[in-house]
Each structure stands twice: as C-alpha cells, then as structure tokens.
Amino acid sequence: MKKAFYPGSFDPMTYGHLDIIRRAASIFDELTVSVLNNKLKTPLFSVEERVNILKEATKDLPNVKVESFSGLLVDYAREKETYVVIRGLRAITDFEYELQNAQTNAKLSGGLVDTVFLTTSLEYAYLSSSSVKEIASFHGDISMCVPEFVAKLVYEKYGYEMK
Ligand code: ADP
15 MKKAFYPGSF DPMTYGHLDI IRRAASIFDE LTVSVLNNKL KTPLFSVEER VNILKEATKD
75 LPNVKVESFS GLLVDYAREK ETYVVIRGLR AITDFEYELQ NAQTNAKLSG GLVDTVFLTT
135 SLEYAYLSSS SVKEIASFHG DISMCVPEFV AKLVYEKYGY EMK
C-alpha cells in the first residue's frame, strides 16, 4: 500500500491546499493530512480547529485522514511508518525553502524520508493562508480562497459577519 502524508500549518486551509490534497489522494492509496503543532507560531486557529476544518473539507475523500503532530517530522514519519512527504509548490519562491526542508529531512532520516512535490494548479497559485488572513482582517472578500464554511470561521475570528 502506497502511503504519504501532507504536513503543514493549514492556518487556515485554502483551496490551494485542497487541490494538493485531492491530487495526492488520487496518486496514493492512503493520505494523511498532518497539521503541525508549531509552538513558535501564534496561529489564528487552534490545532483542533484546523484539524476539524480539514476533516470537514475532505469528508468526501475516503482515503484521506487528518491528524496533528508536533516535534520532528522525521520522528513522526518513523512512528507512522510513512516515508513519503507531500508538499505543494506554488512558485519559484517556494522552491529554495522546500528544497532545503526536503534535503534536511532526507539527511536526518538517513535517506528514509522522501519528499514529493506537486505543483499547484494555476488558478490557486497566488493563494496563501497569510493573504487570506490579511484580506479577512479588513473584511475583504475571501470567497475565492476558501470554502464558505471556512470563510465564516475566519471572519468570526476577526469579529465580522460573513461577507
Ligand atoms: P507551512 O507553514 O508548513 O508552509 P502551509 O499551510 O502554508 O504550511 O503550506 C503547506 C503546504 O501547502 C506547503 O507545501 C505549501 O507550499 C503548500 N501550499 C500552500 N498554499 C498553496 C497553494 N495555494 N497551492 C498549492 N500548494 C500550496
């Protein structure tokens, strides 16, 4: 069975993330979306909220699981016995950071952990969680970035009604 996991902050999940999830789920037999519990970042949504959003958004995909993890990615990979990491590439600017991460994880795991990159569909290439938050903080329109139920939750965080 071909297994992979897709780690990230997903704060919040966007259509760009969903696009990568759907495509990875069609390539692998089992995909775990792994929400990183990063103590260094102050997220808009708690880990539990992010996991719940992802579960709701992927409920039609039977081979997708959602969970959270903290600590080193390679330790998590060993624990899960899942050695393929999925990451999305939007633009050349993502590349340097992602390449460094992929090589670090390969080195740290003695070559056990490999990273597979999926390039984003062009229509979502401009999307990022941080721009969603910035637009929403000014009560701007985020309907083209996230599903409606997510938009509602994001606006709530900023004390706004749904646009
Ligand atoms: P991180 O903080 O780990 O970078 P993100 O939640 O921002 O977490 O992103 C997780 C992964 O999803 C990364 O590989 C990132 O490049 C990818 N990603 C983010 N936005 C998009 C998008 N619009 N299209 C495709 N991939 C994306």
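Residues 15 to 177 (our numbering) are what the sequence shown spells out, left to right. Note that the Cβ used here is the ideal one computed from N, Cα and C, for glycine as well. These numbers come from a predicted model, not from an experiment.
What residue range is occupied by the uninterrupted alpha helix (DSSP H) comprising residue 30?
From DSSP, the alpha helix (DSSP H) with residue 30 extends over 29-41.
For the pair the segment 143-154 and the segment 112-127, tell me if three or more CB-CB distances fall below 8 Å.
Too few Cβ pairs lie closer than 8 Å, so no.
As a quick exercise: from 39, 79, 133 and 160, pick the residue whose alpha carbon is nearest that of residue 25.
The shortest C-alpha separation from residue 25 is found at 160.
Can we count residue 33 as close to ligand 1, meaning its CB is less than 8 Å from some heavy atom?
Correct: residue 33 has its Cβ closer than 8 Å to ligand 1.
Are there three or more Cβ pairs, one per stretch, closer than 8 Å when the segment 95-108 is compared with the segment 62-78?
At 8 Å Cβ cutoff, the stretches do not touch.
Less than 8 Å between the CB of residue 24 and some heavy atom of ligand 1, yes or no?
At least one heavy atom of ligand 1 is nearer than 8 Å to the Cβ of residue 24, so yes.
Could you tell me which whole beta strand (DSSP E) segments of length 3 or greater appear in the segment 93-120?
The qualifying runs are 98-103.
Please list, in chain order, all residues of the same chain as residue 86 whose beta carbon is under 8 Å from its beta carbon, the five residues on each side excluded.
So the qualifying residues of the chain are 122.
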